[in-house]
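These protein sequences, in sequence, are chains H and Y.
Following our numbering, the numbering of the first sequence begins with 2 at its first residue and continues without gaps.
Following our numbering, the numbering of the second sequence begins with 2 at its first residue and continues without gaps.
Ideal Cβ placement from N, Cα and C applies to all residues, glycine included.
There are 2 protein chains.
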Amino acid sequence: MSTETATNRHRGRPREFDEAEVLDALMELFWTKGYEAASLADMVEASGLNKSSLYNTFGSKDEIYDLALGRYLDTRGGMLDQIITGDRGLDDLLDFFEFVRLEASSESGRRGCLAVNSSTELGNAKPTAAEFSKRYRATMGEALRRPIERAAVLGQIDPELVDVYVDTSRALVVSASVAARGGIETEEVSRQIDSMCRLVDSWRLPASV
Amino acid sequence: MSTETATNRHRGRPREFDEAEVLDALMELFWTKGYEAASLADMVEASGLNKSSLYNTFGSKDEIYDLALGRYLDTRGGMLDQIITGDRGLDDLLDFFEFVRLEASSESGRRGCLAVNSSTELGNAKPTAAEFSKRYRATMGEALRRPIERAAVLGQIDPELVDVYVDTSRALVVSASVAARGGIETEEVSRQIDSMCRLVDSWRLPASV
DNA sequence: GGTTATTTGAACCGTTCGGTCCAATATGTA
DNA sequence: TACATATTGGACCGAACGGTTCAAATAACC
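Rendered as structure tokens:
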């Protein structure tokens, strides 16, 4: 009956790296270079691991890419949840757009959105990529829906158009990420985000008396 | 003074293929597979030419890609001009969205937009690709501006928001092409286009008495 | 029909691709 | 200290990569 203290979970040599950390580094690589352009050599360099360690731990390039995409979505989903909070309706949405503006002008943000990049690079060609594309779409939609539904409750906008505004907001964000990655000057992208904000403002109903 | 009839423009063996036709085929290849994923072997197969013929006529893969992109933009620009015509303002814009819907549900259209795909795949990495990204953005903007400015003249919309609506319309089209390529079901994409149309309808001002 | 210019197919280049294997090494347990 | 177990770096694989060269074939012009 003596239960051994659960110290012998792993017998041999323990792992010298943090899986999540390495996966993050690989995600960054794919984010920057895309799937095809990122070579195994790049992956080795980015991870700091040996090629065979990489392979043993995570599998093939294909599998690693899927893991990296998954990690991006999880991380990103959490970020969205954190960012789009509050009960101010459209004002929260506008705050999020400001976050998008900030990102789009940063070195990191000019790589666009990994989910969008993956969508357009691998599209229908890679089933798992299409799956992530759908997941990203859903996650982003849900996050955007919250402030917009709240805006309807607050009487800021026409409740009939909640779905339309959700779709529109998502499209605007996607398009901004495309522009940012596509080498469009940050001033121009920022101007586009101005338009996004002005559009949202145009959704406001006149305050009922 | 006897001017020779200008028959001896080319002395040797004449070209056996049509440059534009071959370039179209190559454009289709890059449209479908993207830049990195398209191999020289693919290019040979798509063009029907020999590898060295390809090289002699158009140059390296890199140069051919640029030529193909240029051809896409020219072709596409002409198409946009043809499609977005008329003087009905928002109704012409809505017609264009219907065209986008039709494309997005076709086999061919589910490859997205080559300019957008190129933007996100090569982004800042390839200067010429960034150049095309800007050209595409400008061309699309100008095409969309026409019906929207007309709508302002017709009193359909708030003239103050013309720029905003141009940016928005372009963003919606870009986002639709991303969705179409990303493996999103055609019904879902079509639903997104419904939202686009409803949004545009919400821009209409009440008819002044 | 001879000349000339061009295309053509195939062989070939060195490099990099993604992927695999294994002996050496390092570490926790007994 | 000896054992068991996992990781590690590097050698190695065949295939495909983008790109180049060239002799042979071909067709318009004189």
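Remark: C-beta atoms of K62 of chain H and A39 of chain H approach each other more closely than 9 Å.
Distance between L30 of chain Y and V174 of chain H, taken at the CA atoms: about 29 Å. The DSSP-derived three-state label of N125 of chain Y is helix.
When the Cα atoms are used, I84 of chain H and A144 of chain H turn out to be separated by approximately 9 Å. Annotation: Cβ neighbours of T169 of chain H in chain Y (cutoff 8 Å, chain order): T169, L173, S196, M197, L200. For the region 107-138 of chain Y, the set of positions with a beta-carbon nearer than 7 Å to some beta-carbon of chain H reads R111, G113, V117, N118, S120, T121, E122, G124, N125, A131, S134, K135, R138 in chain order. Burial is judged here by how many other beta carbons sit within 10 angstroms of a residue's own beta carbon; G124 of chain Y has at least 16 and is buried.
At a cut-off of 9 Å, the C-beta of Y166 of chain H has a neighbouring C-beta in chain Y. By the C-beta criterion, the region 165-184 of chain Y is judged to be in contact with the region 160-179 of chain H, since at least 3 inter-stretch pairs fall below 8 Å. Scanning Y:S48, Y:M44, Y:R77 for the CA closest to the CA of D19 of chain Y turns up Y:S48. With its beta carbon at least 9 Å from every one in chain Y, V101 of chain H lies outside the interface.
With fewer than 16 other Cβ atoms from the protein chains shown falling within 10 Å of its own Cβ, M80 of chain H counts as exposed. Contact of D159 of chain H with chain Y is assigned, a C-beta pair being separated by under 9 Å.
9 Å or more divides the Cβ of D96 of chain Y from the Cβ of R151 of chain Y.
Contact check for F133 of chain H and L74 of chain H: beta-carbon distance about 6 Å, within the 8 Å limit, so the pair qualifies.
Neighbours of R182 of chain H in chain Y, taken as residues whose beta carbon is under 8 Å from its own, are S120, T121, G124, N125 in chain order.
Its Cα nearest to that of R182 of chain Y, the residue Y:E104 stands out among Y:E64, Y:E104, Y:R16.
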